[in-house]
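Participant: Below: one structure in structure tokens.
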Amino acid sequence: MIIELYNMKRFILFLLPLLGTLSANAWSGEVAIETPNTVLVLYAREGGDLRMAYYGSRGVSLQELRDAGANLNSSALPAFGTVDMVQLPALQVLHADGDLNLELKVESYELKTEDAAKTHIFMMQDKLQPVTVKVFYKAYNKVDIIETWTEIENAEKKPVTLKRYDSGHLVLRQGEVWITHMHGNWAAETEPTSEPLTGGVKIIRNTDGTRNAHLDAPEVMVSLDGSPQENSGRVIGAALCWSGNFELRFNTISHKEHHFYAGIDPQSSEYVLDPRQTFETPHLALTFSNEGLSGASRNFHRWARTEGMLHRGMKTGDILLNSWEGLYFNIDEARMIAMMDDISQFGGELFVMDDGWFGDKYPRKDDTSSLGDWVVDKNKLPNGLDALTKAARERGIKFGIWIEPEMVNTKSELFERHPEWVLQTKGRDLKLGRGGTQLVLDMTNPEVQDFVFKIVDDLLTQNPEIAYIKWDANASIQNFGSLYLPKNRQQNLYVDYHLGLLKTLKRIRAKYPDIVIQDCASGGGRANYGLLPYFDEFWTSDNTDALQRVFIQWGTSLFFPANAMACHINHCPYWNTGGRVIPIKFRCDVAMSGRLGIELQPKDMTDEERKQTSTCMADYKQLRQVVQTGNLYRLISPYDQKGISSLMYVDDARRQGVLFVYKIANYYDQPIPRVRLAGLNPGATYTLTEKNVRVGQKPCALSGKRFTGRFLMEVGLEMPLREEYASRVFFIEN
Ligand code: GLA
0 MIIELYNMKR FILFLLPLLG TLSANAWSGE VAIETPNTVL VLYAREGGDL RMAYYGSRGV
60 SLQELRDAGA NLNSSALPAF GTVDMVQLPA LQVLHADGDL NLELKVESYE LKTEDAAKTH
120 IFMMQDKLQP VTVKVFYKAY NKVDIIETWT EIENAEKKPV TLKRYDSGHL VLRQGEVWIT
180 HMHGNWAAET EPTSEPLTGG VKIIRNTDGT RNAHLDAPEV MVSLDGSPQE NSGRVIGAAL
240 CWSGNFELRF NTISHKEHHF YAGIDPQSSE YVLDPRQTFE TPHLALTFSN EGLSGASRNF
300 HRWARTEGML HRGMKTGDIL LNSWEGLYFN IDEARMIAMM DDISQFGGEL FVMDDGWFGD
360 KYPRKDDTSS LGDWVVDKNK LPNGLDALTK AARERGIKFG IWIEPEMVNT KSELFERHPE
420 WVLQTKGRDL KLGRGGTQLV LDMTNPEVQD FVFKIVDDLL TQNPEIAYIK WDANASIQNF
480 GSLYLPKNRQ QNLYVDYHLG LLKTLKRIRA KYPDIVIQDC ASGGGRANYG LLPYFDEFWT
540 SDNTDALQRV FIQWGTSLFF PANAMACHIN HCPYWNTGGR VIPIKFRCDV AMSGRLGIEL
600 QPKDMTDEER KQTSTCMADY KQLRQVVQTG NLYRLISPYD QKGISSLMYV DDARRQGVLF
660 VYKIANYYDQ PIPRVRLAGL NPGATYTLTE KNVRVGQKPC ALSGKRFTGR FLMEVGLEMP
720 LREEYASRVF FIEN
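So this is what it looks like as structure tokens:
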């Protein structure tokens, strides 16, 4: 029956072009896709493709745009064969017979209404070949975010190849356009890089294979009023919700019209789509704000927390101690329990045992072995995980554990059993990653997906008290080849890897919705909205140097909310930044601006460091709700070389806020700019209370003073920041 209907549909689709007319339900019209403050205006002519007329502040109509003489001829999703070749295609399909064109016309339109959002669906059909493209726009009712994506259905008899399959496209006609994208590296993630769009094509791409946020990240801010400002100007923000290779593309045509495209990177991933298969592209989340970069960031944060893009949602994260930088691989039962003593004495809530706890035949002594062998190393932990969860319970804290499920070392029992499970090409030498032995498992293979699921399932069924998992991924795909995928489907590997990963994560979440899982990939390599729906937070960077963290966390906050961002107090001198020593107060204050934790050997701390850490944790508990779930206002950028950096969080009611100020340069006769606050109620009066006051000092003179929101925002505060690495944290309450 299904097949008959299916053939019938194909027959009708085949007849349509011969009839030379539109089918009965062909759609022509206009749609205003609205969120509380924004609108995306689309329209189609009879028998024509879908056109994009406008994206920006709500209240603009197609008629006004027409009256104003705006050029409205841009395709919403330019397809190769539909649009002139000046517009780069967002979509290109190689049909079974070699035809490379798609002439898409809108056949019908559907509106799906849910509690949180309305989804507008445009069904488009090629005029000649039985390929259907559905374009989706999901507009949220309470958040200024529109998600767009497409579904491409192959109703041809033979496979077709998706040569390009972007998730979305925008046309931007407004004058001087700048983009801010995140560039970086391991231990130096998310440096916002701003530049004007000039003529030609600009491509931002990541081809790591497993992670996509180290070098270049899949998000971009587009400032429409010249160089980007934090709290003013029109900004479009875009985040591709995908964890694999991507391409963000800008095409500027004669300096007037800029086209933006975002999708899976089609290089090495021209996707083969079998007959009757439908391919759904990752979602592209878009926002518009006329409150500058910070405004666009707040929209993303709110969407992440309230609309399920962050598994943690509005919940706050526990204060934790992670064993990695304090012990590296040198863990054992006594040291783990001693660390639990320390974190509970500081007032923390969770202890996480990092790498080094596993391996039987090949115990994990360093990074050269054991990944894949997820059994306790009985030499290090003779009483197993039981002894550790019991010790945590006795101290009134939770227990968490590190795993790296998608990876294996050649020196492991898993590799001996299943060499065919690693990504590879028969006959080619394996290129080895971390430790000279690390390889990536083939997540396209359902057996591997089951194995990965079982790692988590076994851990959690055998140790039901585990409350937190740190899920790491420390290798890129260096061996492009799958023994599972057929020879003529190898080009699907990069994409199918991530579809396999997502399938496994969904399975884990279906069984374990409440366990907290941290998304880590050599630091912030997987901070993206493709994975966050399955994770509660991410490890922001393997660099915990507090000064560099001011910069890294600033860039990360452009798209990600504070309760997703793990920020840990480190030890000094710090190896990653050439032995830099930073006072404990500054280190605490920087970590307090995200999800607070600590990552050092407490036994090596001085008395002052211990006292300050306890003060910080106690104060953080009072501030945590506002910091982790409040609205972020970035005030003074560390990149602006003003000598200080400042940011603040304000709750929805604008009653409470938390202000952070960091002195990041120090020299004689240094001008310290006034810090002008934002996001407050101008007419309300606020009391300032200094928090995490430096051990042995009194709160500064500003503490206890009252100011109107207007004064704080218009005039601002002179900050007492005398010594090197001075920093201040204030609770602000009306
Ligand atoms: C990665 C992570 C670190 C740590 C190590 C363990 O580098 O980013 O935090 O977990 O792996 O090997």
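Residue 339 in numbering that gives the first Met the number 0 sits at position 340 of the sequence shown, and the numbers go up by one each step. C-beta: ideal position from N, C-alpha, C; glycine also.
If you draw a straight line from the alpha carbon of Gly524 to that of Gln490, how long is it in whole angstroms?
Facilitator: Looking at the two C-alpha atoms, the distance is approximately 23 Å.
Participant: Of the choices Ile330, Arg433 and Leu701, whose alpha-carbon is the least far from that of Arg727?
Facilitator: Leu701
Participant: Hey, would you say the C-beta of Asp365 is under 6 Å away from at least one heavy atom of the ligand ATP?
Facilitator: The model depicted lacks the ligand ATP and carries the ligand GLA instead.
Participant: Relative to the alpha-carbon of Ser253, which residue among Arg304, Arg172, Glu246 and Ala617 has its alpha-carbon at the smallest distance?
Facilitator: Arg172
Participant: Who are the near neighbours of Ile514 in its chain, counting only those whose CB is closer than 8 Å to its CB and skipping five residues on each side?
Facilitator: Leu459, Ile465, Ala466, Tyr467 and Ile468
Participant: Measuring straight from C-alpha to C-alpha, what distance separates Val626 and Ser242?
Facilitator: Cα-Cα distance, rounded: 27 Å.
Participant: List the endpoints of the continuous alpha helix (DSSP H) containing Pro445.
Facilitator: Pro445 to Gln461
Participant: Taking the alpha carbon of Thr688 as the point to measure from, which residue in Phe730, Gly46 and Glu723 has its own alpha carbon closest?
Facilitator: Ranking Phe730, Gly46 and Glu723 by Cα distance to Thr688 puts Phe730 first.
Participant: Using 10 angstroms around the beta-carbon of Ile202, count the other beta-carbons present and answer buried if the total reaches 16, otherwise exposed.
Facilitator: That one is exposed.
Participant: Look at the Cβ atom of Ile336, then the Cβ atom of Ala390, and state whether they are nearer than 7 Å.
Facilitator: yes
Participant: To which residues of the same chain is Glu446 closer than 6 Å at the C-beta, ignoring the five residues directly before and after it?
Facilitator: none
Participant: Considering only the alpha carbon of each residue, which of Leu622, Asp588 and Arg594 lies closest to Glu608?
Facilitator: Asp588
Participant: What's the gap between the Cα of Lys111 and the Cα of Met51?
Facilitator: 20 Å
Participant: Quick check on Arg594: buried or exposed, where buried means 16 or more other Cβ atoms within 10 Å of its Cβ?
Facilitator: buried
Participant: Relative to the C-alpha of Cys566, which residue among Pro191, Gln266, Arg579 and Val549 is closest?
Facilitator: Val549
Participant: Can you tell me which of the three DSSP states Asp176 falls into?
Facilitator: For the sequence presented, residue 176 should be read as Val rather than Asp. Three-state DSSP puts Val176 in coil, outside helix and strand.
Participant: I'd like to check one pair, Ile516 with Asp817: are the Cβ atoms closer than 7 Å?
Facilitator: Nothing in the structure corresponds to residue 817, since the chain is present only between 0 and 733.
Participant: Are the CB atoms of Pro681 and Gly708 nearer to each other than 7 Å?
Facilitator: yes
Participant: Taking the alpha-carbon positions, what's the Gly19 to Leu438 distance?
Facilitator: Note that Gly19 scores 35 on pLDDT, short of 50, meaning its location in the model is unreliable; the coordinates nonetheless yield the value given after this. For Gly19 and Leu438, the distance between alpha carbons rounds to 55 Å.
Participant: One question on the structure: do Lys162 and Glu269 come within less than 7 Å of each other, judged by their Cβ atoms?
Facilitator: Cβ distance < 7 Å, so Lys162 and Glu269 count as in contact.
Participant: Which residue from Asn575, Glu403, Asp457 and Phe537 puts its Cα closest to that of Pro560?
Facilitator: Phe537
Participant: Use the C-beta contact count for Pro601: other C-beta atoms within 10 angstroms, 16 or more gives buried, fewer gives exposed.
Facilitator: buried
Participant: Among Thr189, Ala386 and Met442, which one has its Cα closest to the Cα of Gly208?
Facilitator: Met442
Participant: Hey, Val351 and Asn329: beta-carbon distance below 7 Å or not?
Facilitator: In terms of Cβ geometry, Val351 and Asn329 do not form a close pair [threshold 7 Å].
Participant: The ligand GLA heavy atoms versus the CB of Cys566: any closer than 6 Å?
Facilitator: Not one heavy atom of the ligand GLA lies closer than 6 Å to the C-beta of Cys566.
Participant: May I ask you to report which of helix, strand or coil DSSP gives Leu103?
Facilitator: strand
Participant: Going by the C-beta, is Asn473 closer than 6 Å to any heavy atom of the ligand GLA?
Facilitator: The nearest non-hydrogen atom of the ligand GLA is less than 6 Å from the C-beta of Asn473.
Participant: Can you have a look at Gly399 and say buried or exposed, based on whether 16 or more other CB atoms are within 10 angstroms of its CB?
Facilitator: buried
Participant: Select from Val85, Gln128, Asn70 and His119 the residue whose C-alpha is nearest the C-alpha of Gly97.
Facilitator: If we check each option's Cα against that of Gly97, Gln128 comes out closest.
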